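Only one structure is covered here, and it is reproduced in the block below.
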Amino acid sequence: MERSNAELLLAVHDGDRRAFEEIYHRNKRRLYGYCLRMLGDSDTAEDVVQHVFLTLLQRQQQIREPESLAGWLLTVAGHRCHRILEERGRVAPLESERNDIQLADPENQSPEIGSNLARVVEGGLRRLSPEMREVIILREYQDMSYRSISEVTGVSEATVRFRLHQARKKLCELLRSDMRKEERHEVR
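Heads up: the sequence shown begins at -13 in my numbering, then just goes up one per residue.
Take a look at the structure:
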């Protein structure tokens, strides 16, 4: 029987290294996918994931709701990603435009991810503001509820809904523009 997050955290408090490893393996891919889409850089995404788990070791006693551990981990990752984006000037790097780098979770990669459409969508995501990018990633890629997104981002559910609406609208505009440019390029 799989242990709950509360049981695992209790075991970690008691020094159970296997409990920490289980938390790590349960959450690393999800965190990595989130960080990779937020930052557009695999090395930095891996660094953030490591930072998140170090933070868990340092602050495990401060987690008030152990069953919300996954949300707590995403919150820590989100704060770190936003800080990195602010230092960069709020723009994700262009690493994902290289043919050998994909923004998909490498362990969950499906054939469609390599398609042109997936690359176009990832390119559009990269050009959204970090706040808009974050709500799209949490809703569409992480399949989180509005309430959970609210908890992770620290804004109200109404703000989450508004940001998500605006983000989808902006992403559609960007994709339409990119498709028009591509069509014009193909005509030449």
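Beta carbons: idealized from backbone N, C-alpha and C, even for Gly.
Small disclaimer: the values here were computed from a predicted structure and weren't measured.
- Here residue 8 carries a helix assignment [DSSP, helix/strand/coil].
- Taking the C-beta atoms as reference points, residue 32 is found nearer than 8 Å to residue 18.
- Between residue 143 and residue 154, the C-beta gap is not smaller than 8 Å, which leaves the two residues out of contact.
- When DSSP states are grouped into helix, strand and coil, residue 135 belongs to the helix group.
- For residue 123, there is no enclosing alpha helix (DSSP H), since its DSSP letter is neither H nor E.
- A direct Cα-Cα distance of roughly 30 Å separates residue 117 from residue 169.
- Residue 22 counts as buried, since at least 16 other C-beta atoms from the protein chains shown sit within 10 angstroms of its C-beta.
- For residue 125, the closest of 115, 114 and 150 by C-alpha to C-alpha distance is 150.
- When 156, 113, 115 and 62 are compared, the shortest CA-CA separation from residue 37 is found for 62.
- When secondary structure is reduced to three states using DSSP, residue 115 falls in the coil class, being assigned neither helix nor strand.
- When DSSP states are grouped into helix, strand and coil, residue 57 belongs to the helix group.
- Residue -8 places its beta carbon less than 8 Å from that of residue 52.
- The continuous alpha helix (DSSP H) containing residue 45 extends over residues 28 to 45.
- Residue 60 sits away from residue 110, with the two beta carbons spaced by 8 Å or more.
- By the 16-neighbour rule on beta-carbons within 10 angstroms, residue 137 is buried.
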